[in-house]
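Chemist: The working numbering applies: residue 1 is where the sequence shown begins, and numbers increase by one. Built from N, CA and C at the ideal position, the CB exists for glycine as well. Below is one structure. I have some questions about it.
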Amino acid sequence: MISLFAALGLWLLFGQEERFKSSPDTRLISVHLQDLTWTEVAHALAQGYDTAIVPTGGTEQNGPHVILGKHNYVVAAAAELIATELGNALVAPVIAYVPQGEYGADPTQHMRFPGTISVREDVFVGLLEDTVRSLATHGFRRIILIGDSVGNQDPQQAVATALNQEWSSLGIRVIHASDYYAANGQTEWLREQGYSLEQIGSHAGIRDTSEVMSVQPDGVHRDFVPPPDGMEPGYNGVRSLASEKIGETMIALKVQAALRQIVRETQ
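In structure tokens:
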């Protein structure tokens with residue numbers, strides 16, 4: 001995955017941000033907390049790994065061709081890239097259960113489709129807040145929230161705002177990296193390549209399908225099971241235009257947007 005940076009030259013944009021890179025002595029086998037022992041995390045903290053990234057994904061339908069865990073694979077890969085570029089960051093486990101709609105009350109929501117898992121917004125907020133508090137308890141001073149789904153964005157901002165107010169005198173900063181999702185330039189880039197908005201789509205189309213191709217190729221089913229009679233497929237756009245190469249660019253744009261915001265908000 002790190003090759004994505006070489007592809008877009010993102011290191012040129014952020015290589016000068018040395019204040020974020022404490023050159024820790026620790027050689028970690030992974031930047032993901034779930035792959036480390038508690039003693040490895042303690043040593044990393046002592047060596048300057050003072051930043052934690054909390055990725056939030058989702059478990060939702062993505063048409064008959066893309067797996068339900070799309071967001072989780074994509075945000076995990078993006079968080080690893082962000083952590084590696086920052087140089088002093090570890091990544092918390094992906095939060096896979098997020099708000100997806102009011103259990104079918106709104107016919108436009110994903111809960112119409114089997115397999116989607118939705119939690120109440122207050123449950124998500126509580127889980128996110130407790131996750132951030134846990135990380136702060138152990139010594140992480142900067143905690144970055146990145147969400148790969150639309151329903152994650154407002155709760156993440158609410159948690160960041162509340163905890164920043166509470167911790168204003170403690171030197172702990174919570175950043176909701178909203179640009180990762182909302183201002184990443186993906187649609188603009190695809191339009192520049194000649195794709196129409198109808199071709200791009202808004203759900204499980206070119207962007208989503210391509211992202212999964214690049215990080216979890218088995219997550220795109222070419223010989224898919226068709227929807228039951230009377231049910232729509234659950235996606236829009238032209239999925240056949242997706243490619244692994246486009247997916248690498250889509251994720252790199254998300255990472256670039258997040259890094260720029262992190263730089264901007266910590267100056």
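At a cut of 8 Å, does the segment 144-151 reach the segment 39-57 through at least three beta carbon pairs?
Modeler: yes
Chemist: Alpha helix (DSSP H) containing residue 142: first to last residue?
Modeler: In the sequence shown, the residue the question calls residue 142 occupies position 142. Here residue 142 belongs to no alpha helix (DSSP H); instead the beta strand (DSSP E) covers 142-147.
Chemist: Out of curiosity, what's the CA-to-CA distance linking residue 62 and residue 211?
Modeler: If you number the sequence shown from 1, residue 62 lands on position 62. If you number the sequence shown from 1, residue 211 lands on position 211. Approximately 12 Å between the Cα atoms of the pair.
Chemist: Pick from 83, 163, 261, 152: whose alpha carbon is nearest that of residue 122?
Modeler: Within the sequence shown, residue 122 is the residue found at index 122, counting from 1. Considering only alpha carbons, the answer is 152.
Chemist: Using DSSP with H/G/I as helix, E/B as strand and the rest coil, what is residue 262?
Modeler: Walking along the sequence shown from the start, residue 262 turns up at place 262. Helix at residue 262.
Chemist: Tell me which residue opens and which closes the alpha helix (DSSP H) that residue 29 is part of.
Modeler: For this step, residue 29 is matched to residue 29 along the sequence shown. From DSSP, residue 29 is part of no alpha helix (DSSP H); its letter is neither H nor E.
Chemist: Starting from the Cα of residue 150, find the closest Cα among 181, 168, 141 and give me that residue.
Modeler: Taking the sequence shown and counting its residues from 1, one reaches residue 150 at position 150. If we check each option's Cα against that of residue 150, 181 comes out closest.
Chemist: For the beta strand (DSSP E) containing residue 53, list its first residue and its last residue.
Modeler: One-based indexing of the sequence shown puts residue 53 at position 53. DSSP places residue 53 inside the beta strand (DSSP E), whose first and last residues are 51-56.
Chemist: Give the C-beta separation of residue 156 and residue 135 to the nearest angstrom, bearing in mind that I take them to be a contact with Cβ-Cβ under 8 Å.
Modeler: Locating residue 156 in the sequence shown gives position 156, where the first residue counts as 1. Locating residue 135 in the sequence shown gives position 135, where the first residue counts as 1. Going by Cβ atoms, the distance from residue 156 to residue 135 rounds to 14 Å, so no, they are not a contact pair.
Chemist: Determine whether the beta carbon atoms of residue 189 and residue 241 lie at a separation below 8 Å.
Modeler: Taking the first residue of the sequence shown as position 1, residue 189 is located at position 189. Taking the first residue of the sequence shown as position 1, residue 241 is located at position 241. No. Outside cutoff.
Chemist: Check each candidate in 205, 117, 226 and name the one with the smallest Cα separation from residue 72.
Modeler: One-based indexing of the sequence shown puts residue 72 at position 72. Here the closest residue by C-alpha is 117.
Chemist: Using three-state DSSP, classify residue 133 as helix, strand or coil.
Modeler: Your numbering for residue 133 matches position 133 in the sequence shown. Residue state, collapsed to three classes: helix.
Chemist: What's the C-alpha gap between residue 100 and residue 120?
Modeler: Counting from one through the sequence shown, the residue named residue 100 turns up at place 100. Counting from one through the sequence shown, the residue named residue 120 turns up at place 120. Straight-line Cα distance between these residues: approximately 8 Å.
Chemist: Going by Cα to Cα distance, which pick from 69, 141, 87 is closest to residue 208?
Modeler: On the sequence shown, residue 208 is found 208 positions in, with the first residue counted as 1. Comparing alpha-carbon positions, the option among 69, 141, 87 lying closest to residue 208 turns out to be 69.
Chemist: Does DSSP put residue 59 in a helix, in a strand, or in coil?
Modeler: Within the sequence shown, the letter at position 59 stands for residue 59. Three-state result, residue 59: strand.
Chemist: Answer with buried or exposed for residue 27, where buried requires no fewer than 16 other C-beta atoms within 10 angstroms of its C-beta.
Modeler: Here residue 27 refers to the residue found at position 27 of the sequence shown. Answer is exposed; the Cβ neighbour count stays below 16.
Chemist: I need the DSSP call for residue 105, collapsed to helix, strand or coil.
Modeler: Counting from one through the sequence shown, the residue named residue 105 turns up at place 105. Its pLDDT being 45, under 50, residue 105 is placed unreliably by the model, and the measurement read from it follows with that caveat. In this structure, DSSP gives residue 105 a state outside helix and strand, which the three-state scheme calls coil.
Chemist: With DSSP run on the structure shown, which of helix, strand or coil describes residue 127?
Modeler: Translated into positions along the sequence shown, residue 127 becomes position 127. Residue 127: helix per DSSP, three-state reduction.
Chemist: Hey, could you find the ends of the beta strand (DSSP E) residue 222 is sitting in?
Modeler: The residue labelled residue 222 in the question sits at position 222 within the sequence shown. Segment: none, residue 222 is in no beta strand (DSSP E) and carries neither H nor E.
Chemist: Which of the three DSSP states, helix, strand or coil, is assigned to residue 196?
Modeler: Counting from 1 along the sequence shown, the entry for residue 196 is found at position 196. The answer is coil: DSSP assigns residue 196 none of H, G, I, E or B.
Chemist: Residue 225 and residue 64 look like a contact to me (Cβ under 8 Å); what is the Cβ gap, rounded to whole Å?
Modeler: The residue labelled residue 225 in the question sits at position 225 within the sequence shown. The residue labelled residue 64 in the question sits at position 64 within the sequence shown. So it is a contact: roughly 6 Å between Cβ atoms.
Chemist: Exposed or buried, residue 50, counting other C-beta atoms within 10 Å across all chains shown (16 or more means buried)?
Modeler: Residue 50 sits at position 50 when you count from the first residue of the sequence shown. Residue 50 comes out buried.
Chemist: Whose C-alpha, out of 88, 220, 179, 229, is nearest the C-alpha of residue 243?
Modeler: Here residue 243 refers to the residue found at position 243 when the sequence shown is read from its first residue. Looking at the Cα atoms, 220 is the closest of the given residues.
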